[in-house]
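Following my numbering, the numbering of the sequence shown begins with 733 at its first residue and continues without gaps. Using N, Cα and C, we set each Cβ at its ideal position, and we do this for glycine too. Owing to the predicted nature of the structure, the values given are computational and were not obtained by experimental measurement.
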Amino acid sequence: MLHLSDVRKVYRTGAFTQAALDGVTLTFRDNEFVAILGPSGSGKTTLLNVIGGLDHADSGDLVIDQVSTQEYSDRDWDTYRNNRIGFVFQSYNLIPHQSVLANVELALTLSGVGRAERTQRAKAALEQVGLGEHVQKRPNQLSGGQMQRVAIARALINDPEILLADEPTGALDSSTGLHVMNMLKEIAKDRLVIMVTHNPELATEYATRIVSLKDGKVTDDTHPFSKDEDVREAKPARRASMSFLTAIALSFTNLMTKKGRTLMTSFAGSIGIIGIATILALANGVNAYIRSVEEDTLSLYPLSIQTQGINIAGMLANSTGGDSDDSNSASPRPTPRADAHETKMMSRMFSGVGTNDLKSLKAFLDSAESGIAQHVTSIQYEYSVTPQIFDADYTKPRQINPNKVFSSLGMGGNSSSSLMSMGMSTDVFYSLPDDLELVKGQYNLVAGNWPQGSEECLLVLTGSGGISDFMLYAMGLRDPAELDEMIKELSENKPITVPSDSKEFTYQQLMDARFKVVPAASFYE
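This is the structure in structure tokens:
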């Protein structure tokens, strides 16, 4: 049983809207000859396409053997069209370069039927419609009535339960049309035949039921379905299963029907594809190599220009107390008149401090006349603004950046605490470059996404997935009180109690860490 429930279909072209089906509700019996009448544009062909699965309704439901099609997948629709529906079109829709036999065999080919069985069943179907002597002819060698009979044989070859005919006699003369109608009437004895026609005389003479449509609505039904009538059990679905070798053979046959065109198209296409592929490969390879060199160079050896520069080499040399470079001084060394003399370490260090006008430099780099863009991968500006970052626990706020956890050690005191306070970096947060592509090329993203805004940060792990315990204390994943206690014991020269456990975390636990940034202006009154 086939049932349509409140089916609606609307076509839209720009601002114009046409309701092809407007709330159609119909139930068809398993075997009857239904003629659908109506003026042009009333929705007859749209209704036929919805029933056949060639088009889908905007709303409503198509129920097949008590099974709704609302949840049908593409594969389910393919199976329905190939095994349960037979189509007979007004324009025949035969493949012109294939024989009559091959046209009829096509439906069996899609169902995966073997070659010998396909040929036998196709010949029997053509004999049934009176075309047994024309199996090797092409469609253009047949008359209109013969081509329509080929279309009917093709529609019936898979033994469908429903036959849909769209104006089957529209392109035929009257005598041939009557012959086709007699065939359809005979077919309707054991299956459902739904025919769209403009000819009310043919519908009255041959159909067992006439449904009239107007403006997408059913206006008349001569034999409506009654709820008291028996309904058969749903039939098992038959899946289409054309083999891979059959698909290859069918494709090869189609290609060989136009050998010259196929060869010329293949040759021209090959030249274009090879040329484009070569150019793209060369361009992409060169660009990738250049970009890789630029990124590696900038990442490993960035050029940094600061507001002030210090002669580090001179400071380190003078810190040893040596004066071997005094001979290079601009002023001659005075003749020693005492046992010791002054070595100008601080004077030389501060005399070597240079000041750069970075404001003017930035304006120059941003201008078009600098021409710097073609020589660099990225230009990054950083300002002397340290973000004041706290943990997200408002009950016990703890400053994380700049981290003052080692401030109690000081720069003086015993040598061990002084060395530790100087050698231990307390920075937790670092600024990312504006061009994240420079970072993406050096790291693998294992969880989450790359930062998109200033409220997001990136956690960097070691190659083996390690993260320092100092970072864990800052993130609150280890109890910060442990670190406070160790620093307190160190500053008081007491035995230090070191945690013995080693923690492991999931990526999600790490990404769940939250911090609070306090604007610098909030520290002033």
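Residue of the options minimising C-alpha distance to residue i
i: A920; options: D762, L1177, V1117, A1253; result: D762
i: M1203; options: D1159, G1001, R1069; result: D1159
i: P1183; options: I1199, P1165, I1037; result: P1165
i: D790; options: E1221, K946, D738, R847; result: D738
i: P1119; options: R1069, S1110, N1135; result: N1135
i: G1208; options: S944, N1225, E1221, F1237; result: F1237
i: Q1112; options: V867, K990, S1163, H1073; result: S1163
i: E961; options: I1228, T759, R1210, D1211; result: T759
i: F1247; options: P1212, E1188, S1002, P1227; result: E1188
i: A1213; options: P1129, Y938, L1191, I1011; result: P1129
Burial state of residue i, where buried means 16 or more other Cβ atoms lie within 10 Å
i: V1250; result: exposed
i: G992; result: exposed
i: G1195; result: exposed
i: Q1240; result: exposed
i: K959; result: exposed
i: I1008; result: exposed
i: R807; result: exposed
i: V1018; result: exposed
i: D1057; result: The predicted model places D1057 with a pLDDT of 49, which falls under 50 and marks its position as unreliable; any figure quoted below should be read in that light. Under this definition D1057 is an exposed residue.
i: S1059; result: Per-residue confidence for S1059 stands at a pLDDT of 48, beneath the threshold of 50, marking its modelled position as unreliable; no derived number is given.
i: T749; result: exposed
i: F976; result: exposed
i: P900; result: buried
i: I796; result: buried
i: T777; result: buried
Straight-line Cα distance separating residue j from residue i
i: A887; j: K869; result: 19 Å
i: T745; j: L1177; result: 47 Å
i: Q860; j: A883; result: 13 Å
i: M1243; j: F1255; result: 29 Å
i: A1179; j: G1173; result: 16 Å
i: S1223; j: V1230; result: 15 Å
i: A1070; j: F1082; result: 27 Å
i: L1193; j: S1186; result: 21 Å
i: Y824; j: F999; result: 34 Å
i: A1013; j: I1006; result: 10 Å
i: S1281; j: K1091; result: In this structure the chain extends from 733 to 1257, so residue 1281 is not present and cannot be described.
i: E865; j: Y743; result: 45 Å
i: A1253; j: V1117; result: 11 Å
i: G846; j: L858; result: 18 Å
i: M1218; j: A1100; result: 55 Å
i: S1232; j: L1170; result: 38 Å
Residue i vs residue j beta-carbon contact at 9 Å
i: A767; j: M927; result: yes
i: V1085; j: I1042; result: yes
i: H955; j: T936; result: no
i: G792; j: K946; result: no
i: G773; j: K741; result: no
i: G902; j: H930; result: yes
i: Q1131; j: F1138; result: no
i: D1201; j: T1109; result: no
i: V836; j: A885; result: yes
Interface flag, residue i vs chain D, CB-CB below 9 Å
i: S1196; result: This model lacks chain D altogether, as it is built from one protein chain only.
Check: Below 8 Å, can you find three or more Cβ-Cβ pairs linking the segment 812 to 823 to the segment 886 to 905?
Finding: Touching, per the Cβ criterion.
Next item on the list: Count the C-beta pairs between the segment 777 to 793 and the segment 894 to 909 that are closer than 8 Å, then say yes if the count reaches three, no if not.
Entry: yes
Checklist line | Validate contact between the segment 907 to 922 and the segment 749 to 758 using beta carbons, cut 8 Å, 3 pairs | finding: Result no; under three Cβ-Cβ pairs closer than 8 Å.
Next item on the list: Count the C-beta pairs between the segment 798 to 805 and the segment 847 to 863 that are closer than 8 Å, then say yes if the count reaches three, no if not.
Entry: no
Check: Using 8 Å as the Cβ pair cut-off and three pairs as the minimum, do the segment 867 to 882 and the segment 898 to 907 touch?
Finding: yes
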